[in-house]
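Contents: one structure, followed by commentary.
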Amino acid sequence: MTSSILDILQAAAPAAGEPPAWVTFMPFVGMAVIFWFFILRPQMRQQKDQREKINSIKRGDQVLTGGGFLGKVIKVDDQYAEIELAPNVKVKALKSTISDIVPPTGSAPAND
Numbered sequence: 021m022t023s024s025i026l027d028i029l030q031a032a033a034p035a036a037g038e039p040p041a042w043v044t045f046m047p048f049v050g051m052a053v054i055f056w057f058f059i060l061r062p063q064m065r066q067q068k069d070q071r072e073k074i075n076s077i078k079r080g081d082q083v084l085t086g087g088g089f090l091g092k093v094i095k096v097d098d099q100y101a102e103i104e105l106a107p108n109v110k111v112k113a114l115k116s117t118i119s120d121i122v123p124p125t126g127s128a129p130a131n132d
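The following block contains the structure:
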């Protein structure tokens, strides 16, 4: 009876060759670092560039709104931009809904 209890205790004891517990978390730390450098960091940089582009909108720029409207900026303040979509058709849009500033059509394409 004593030998069976000793066998049970020996089987329950941790093996001497096992690595420490912190080593088992290293793959998760590695995945977090990879996730940060390949996904989060570039996305944050892209958002920062978009925010700077939107803040640099000035009168006379041609812009594309989030709804797909293309128009010319008439007036800009802190949060809003007044955009002329067609002659005598003006809308007031949030600056955050402007998706892009369209370059003038008279310029040469970038790949020429």
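Per the working numbering, the very first residue in the sequence shown carries number 21; after that it's consecutive.
Cβ coordinates follow ideal geometry from the N, Cα and C atoms, glycine included.
Computed from a prediction, not measured in an experiment: that's the story for all the values here.
Range covered by the beta strand (DSSP E) that runs through residue i
{"i": "Gly91", "result": "Leu90 to Val96"}
{"i": "Leu157", "result": "Look at the range of the chain in this structure, 21 to 132, and you will see that residue 157 is not part of it."}
{"i": "Leu114", "result": "Val109 to Leu114"}
Selected residue, minimal CA-CA separation from residue i, among the options
{"i": "Asp69", "options": "Arg79, Lys112, Pro40 and Ser119", "result": "Ser119"}
{"i": "Lys110", "options": "Lys95, Met51, Ile59 and Ser116", "result": "Lys95"}
{"i": "Pro123", "options": "Asp81, Glu102 and Ile103", "result": "Asp81"}
{"i": "Ile114", "options": "Val53, Gln67 and Glu102", "result": "In the sequence as presented, Ile is not what sits at residue 114; that position holds Leu. Per the Cα distances, Glu102."}
{"i": "Asp98", "options": "Thr85, Ser116, Val83 and Gly87", "result": "Ser116"}
Where residue i sits in the DSSP three-state scheme
{"i": "Glu38", "result": "coil"}
{"i": "Thr44", "result": "helix"}
{"i": "Gln82", "result": "strand"}
{"i": "Ile77", "result": "coil"}
Distance, residue j Cα to residue i Cα
{"i": "Met21", "j": "Gly37", "result": "For Met21, the predicted structure reports a pLDDT of 49, less than 50, and the residue's modelled location is therefore unreliable. A value from the coordinates is still provided. Roughly 29 Å separates the two Cα atoms."}
{"i": "Gln63", "j": "Ile25", "result": "59 Å"}
{"i": "Asn108", "j": "Val93", "result": "13 Å"}
{"i": "Tyr100", "j": "Thr125", "result": "25 Å"}
{"i": "Glu72", "j": "Val53", "result": "27 Å"}
{"i": "Val43", "j": "Met51", "result": "14 Å"}
{"i": "Gln133", "j": "Pro39", "result": "It is not possible to answer for residue 133, since the shown part of the chain is limited to 21 through 132."}
Residue i - containing alpha helix (DSSP H), residue span
{"i": "Ile121", "result": "Here Ile121 belongs to no alpha helix (DSSP H); instead the beta strand (DSSP E) covers Ile118 to Val122."}
Minimum Cβ-Cβ distance from residue i to chain B less than 8 Å
{"i": "Arg71", "result": "Among the chains in the structure shown there is no chain B, since it carries only a single protein chain."}
Anticipated Cβ contact below 8 Å, residue i with residue j, distance rounded
{"i": "Leu105", "j": "Gly86", "result": "In fact, because the Cβ distance is near 14 Å, the residues do not count as touching under 8 Å."}
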